Amino acid sequence: MLSQVHIEKVFINDTNKDGKKYVTKTGKPFSMAIIQWEGKKASKLLWDDAQVADAKEMEGQTFQLAITKNGEYTNWDYPKAEDIAADELEKRVKVLEDEVFKAKATETPTFEEPGETISDSSLPF
Numbered sequence: 047m048l049s050q051v052h053i054e055k056v057f058i059n060d061t062n063k064d065g066k067k068y069v070t071k072t073g074k075p076f077s078m079a080i081i082q083w084e085g086k087k088a089s090k091l092l093w094d095d096a097q098v099a100d101a102k103e104m105e106g107q108t109f110q111l112a113i114t115k116n117g118e119y120t121n122w123d124y125p126k127a128e129d130i131a132a133d134e135l136e137k138r139v140k141v142l143e144d145e146v147f148k149a150k151a152t153e154t155p156t157f158e159e160p161g162e163t164i165s166d167s168s169l170p171f
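For the sequence shown, my numbering begins at 47 and goes up steadily by one.
Shown next as structure tokens:
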């Protein structure tokens, strides 16, 4: 889900609570960026110094980010092209559904009563 987020604070960690550096099972080091906005927090793994520098510059700015809930954790990522397209499609579908349901709600069936009754003798056959 894409969200417009004003980032209040960015925390960058490269060590866990015990003071050990974060490393993958294969020994590759990484950092974790935690962003804070409106009292909420989300994290993302960063694999190189350029990503860490980019994350540090995010503080105080507004971004459109992909925010996902994964169990008890909330993660963030930069939106991919398909995320943006899916979000735009979702907005368009919502507008169309609102218009269709609004039109159905305002339509009332009308029944016309015939002004005169047709008898068998007035039929041409």
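We treat Cβ as the ideally placed atom computed from N, Cα and C, and that holds for glycine. A quick note: this is a predicted structure, and the numbers were derived from the prediction, not measured.
Cβ neighbours of residue i in the same chain (closer than 8 Å, five flanking residues each side left out)
i: residue 92; result: 58, 76, 77, 78, 79, 98, 101
i: residue 123; result: 90, 111, 112, 114
i: residue 56; result: 79, 80, 81, 82, 101, 102, 104, 105
i: residue 61; result: 67, 68
i: residue 86; result: 120
C-beta contact flag for residue i and residue j at 8 Å
i: residue 121; j: residue 90; result: yes
i: residue 109; j: residue 51; result: yes
Which of helix, strand or coil DSSP assigns to residue i
i: residue 107; result: coil
i: residue 148; result: helix
i: residue 126; result: coil
i: residue 169; result: coil
i: residue 66; result: coil
Same chain, Cβ closer than 7 Å to residue i, five either side skipped, listed in chain order
i: residue 143; result: none
i: residue 136; result: none
First through last residue of the beta strand (DSSP E) which encompasses residue i
i: residue 56; result: 55 to 59
i: residue 121; result: 119 to 123
i: residue 87; result: 86 to 92
i: residue 81; result: 77 to 83
Range of the contiguous alpha helix (DSSP H) that encloses residue i
i: residue 98; result: 95 to 102
Of the listed residues the options, nearest to residue i (C-alpha basis)
i: residue 53; options: 63, 95, 107, 162; result: 107
i: residue 84; options: 140, 49, 118; result: 49
i: residue 88; options: 127, 116, 70; result: 116
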